[in-house]
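Listed in order, the protein sequences are those of chains A and B.
Those letters in the first sequence? Residues 0 to 319, by numbering that gives the first Met the number 0.
Those letters in the second sequence? Residues 0 to 293, by numbering that gives the first Met the number 0.
Where is the CB? At the ideal position from N, CA and C, for every residue including glycine.
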Amino acid sequence: MKTTFPMLIRREFWEHKSLWIAPLVWVGLILFFSTWGVIQLPLEHGADALVSGQSSDQMHMSEQDRERLRDAMKLPEDRKQSIFAFSFLAFFGMISVFMTIVVFFYLIDCLYTERKDRSILFWKSLPISDSNVVLSKLAVAMVVVPIGVIALTAVTQILIYIVVSIRLHGSVMSAVLPDWSFIAWLRSQAVALGMMLGGVLWYAPIAGYLLLLSSWTKNKVFLWAILPPIALPVLEKVFLKSDYVLEFLGQRFTGYIQLMKLDPNAFEAGNNQHMPAVSEVYNAFHLSNVFLSAEMWIGVAAAAAMVFATIRIRRYRDDT
Amino acid sequence: MTAIIEARGLTKSYGSTQVLRGIDLNVQPGRIVGLIGPNGAGKTTAIKAILGLTSFDGELKVLGLDPRTERDRLMEEVCFIADVAVLPRWLKVSQAVDFVAGVHPRFDRKRAEEFLTKTDIKLDSRVRQLSKGMVTQLHLALILAIDAKLLVLDEPTLGLDLLFRRSFYDNLLNDYFDKERTILVTTHQVEEIENILTDIIFIQHGKIALDTAMETLGERFTQLVPTAGNVDAARALKPFHEREVFGRVAMLYDGRPMAELASLGETRTPSVTDLFVAMMQPAGAPVAPSQEAA
């Protein structure tokens, strides 16, 4: 037996170029604006003056900000590392949310276009099982893209760290910058991996639903994807005066964050001279709550059922 | 020898419409079988059943496999061209070759590339940039490089100009067909492929109207154009079809020896097109002389 799976994955990136072009453009934008922001730092006027506040008319900086800056410079290393952690989480969030949108469009399209342009007859003329085809598409959305997001986040973080280091070099402000720490970096990767795994599993039923729609709808797949989650709660409210569907959907969309029971203290940076230690930041995500919740595994089971249904539909549906 | 395709009592309905009403088939290796019938006769449905693309009732074995349950294995030995429109428009020629090479255990990449160099198709073109004829050439290049036992073609040359149609079948015969392989082809253009077929199957209203080898066609069917005085005598021998051609009557007989008819006028073996027109017409309906197979 020939291993066809890698080729099936490659095929997806040929057809859906947005899967790799969109994130590159997005990361390019993030890098550009971050770099631009770093370059704008008014260091030329003398960082010492900036910190001490002697030339306040030139520096557009309030006394409060100055105070924070001075505090930041005096922070012990494990708290400075939190700055690194926050920026990492910010990049991770920006890239993840963006790719969620890209993957949404990918999933509703991946089994729909091949039926619309009848190319399914070509793919089906080759010895590839329908389960492999469907699983390859699922793997793109739930394995390949997530790994890509983590890799891109890591690259973004490292590049920005380099840019900031160069910019602050020789200035007193370089004292704000945490030292490069491989351990801290590994930690950030582990947290990203855990959060990604939790997110992928938590949102798996939504992916399964989109895949099912993609293999099933005759037309207007986008409407099928977004209309029911909007219309059903409204209809329920109007006719039954209840909110069960809304609660159900709300729980599925926000439950992941809720279950993590984020420690708000860990994110109150800069308020009242408070800066959390880096371990506080990373420990704020209680991922075990997610992995140990029945809700998540029920969702995974529902996703598996929908993927199975998708495979059956692609195998037996005859609408060409 | 084991049959390549063996079907018994194949039936299929879409809702209340019966598209296949008990089809029996027996296709032997090394044959080129034309499945010929008017629109809606059930050709494409029969082919979809053979390829495991649709559900059906009845018995069907293709290469000894059940297309319903063993489709993935079956497709390693069966190739299929639906029509010119099924290659995805975003696909690059080089990607098409890479993909088939990556998933098909019986694909000979070199062969496909050799075939492509004989055409005007560039490897970095996308399917959307190719003409209809070139898309068919590309599809053919992929198929010819696969060492398959059965090739199924469903209207493969629909909408192509004469030159592409001719070279398509020439390539098929010269580069692909041999005694080990079998081709099943449906087409509207009966007259273009009748000289390459070894067997013909007429299908009408979901039933087989005729299933015969070309070698026995001449033994079974005769066309007679009786001389002026013999028309009534010829009619007495019960032709199953007659039509007027340039003021004379052409009659078709099934199972009358040509020698018996020869005394009544000019005889010859009818063409597949003649037979098709005759058998697809409801009995007794007038046929315009110029009418061809639809």
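Burial check for F238 (chain A): the Cβ neighbour count within 10 Å stays below 16, so the residue is exposed. Under the criterion of beta carbons closer than 8 Å, D23 (chain B) and I207 (chain B) qualify as touching, at roughly 7 Å. Residue burial annotation: R127 (chain B) is exposed, with fewer than 16 other C-beta atoms found within 10 angstroms of its C-beta. In the structure shown, the three-state DSSP call for D146 (chain B) is coil. Within the same chain, V92, L129, M133, Q136 and L137 come within 7 Å of I120 (chain B) by CB-CB distance, once the 5 residues on both sides are set aside. Secondary structure remark: continuous alpha helix (DSSP H) runs of at least 4 residues inside the region 168 to 250 of chain A, in chain order: 181 to 201, 203 to 215 and 220 to 234. The secondary-structure analysis by DSSP pairs G264 (chain B) across a beta bridge with B:P225. Taking the C-beta atoms as reference points, A232 (chain B) is found no nearer than 8 Å to E241 (chain B). Residue pairing from DSSP places I22 (chain B) in a beta bridge opposite B:L9.
The region 221 to 239 of chain B and the region 254 to 272 of chain B touch, with no fewer than 3 CB-CB distances between them shorter than 8 Å. Look at S118 (chain A): its C-beta is under 8 Å from a C-beta on chain B.
For the pair I94 (chain A) and L151 (chain A), the CB atoms are nearer than the 8 Å cut-off. Taken through DSSP and simplified to helix, strand or coil, E179 (chain B) comes out as coil.
Listed along the chain, the chain A residues whose CB falls inside 9 Å of the CB of K131 (chain B) amount to none; the nearest CB is some 14 Å away. Beta bridge pairing from DSSP links C78 (chain B) with B:L150. Think of a sphere of 7 Å around the beta carbon of K123 (chain A): the chain B residues whose beta carbon falls inside it are L52, in chain order.
Approximately 5 Å separates the beta-carbon atoms of T185 (chain B) and L34 (chain B); this is inside 8 Å, confirming the contact. Cβ neighbours of V32 (chain B) within its own chain (closer than 8 Å, five residues either side excluded): V26, T181, I182, L183, V184, L196, T197, D198, I199 and I200. Rounded to whole angstroms, the gap between the alpha carbons of R72 (chain B) and E218 (chain B) is 40 Å.
W215 (chain A) has its alpha-carbon roughly 17 Å from the corresponding atom of W122 (chain A). Counting every other CB atom within 10 Å of its CB across the protein chains shown gives Y243 (chain A) a total below 16, marking it as exposed.
Closest option to F176 (chain B), judged by alpha-carbon separation, among B:I142, B:A45 and B:P155: B:I142. Counting only the Cα atoms, F221 (chain A) lies some 22 Å from R311 (chain A).
By the Cβ neighbour-count rule, K136 (chain A) is buried, with 16 or more other Cβ atoms within 10 Å of its own.
Interface residue (Cβ-Cβ distance to chain B less than 8 Å): T155 (chain A) is not classified as such. Per DSSP, I31 (chain B) is one residue of the beta strand (DSSP E) stretching across I31 to I35. Taken in chain order, the members of the region 57 to 73 of chain B whose beta-carbon sits within less than 7 Å of a beta-carbon on chain A are D71.
Legend: CB atoms of the region 85 to 101 of chain B lying less than 8 Å from CB atoms of chain A belong to residues V85, L86, P87, R88, W89, L90, K91, Q94, D97, F98, V99 and G101. Shown here for P28 (chain B): same chain residues with a beta carbon closer than 7 Å to its own, the five before and five after excluded, namely M0, I3, E179 and T181 in chain order. Membership of I202 (chain B) in any alpha helix (DSSP H) is not indicated; the residue belongs instead to the beta strand (DSSP E) covering D198 to Q203.
In terms of Cα proximity to Q156 (chain A), the closest of A:A206, A:I29, A:M274 and A:Q257 is A:I29.
Scanning chain A for C-beta atoms nearer than 7 Å to the C-beta of A81 (chain B) yields L120, reported in chain order. Below the 9 Å Cβ cutoff, chain A contributes no neighbours of K109 (chain B), its closest Cβ being approximately 17 Å away.
Selection A:F83, A:K217 and A:A140 evaluated against I8 (chain A) yields A:A140 as nearest (Cα-Cα). The shortest C-alpha to C-alpha distance from E279 (chain A) to any of A:R251, A:E14, A:I256 and A:R186 is the one to A:R186. Contact annotation: A111 (chain B) and A140 (chain B) have beta-carbon atoms nearer than 8 Å.
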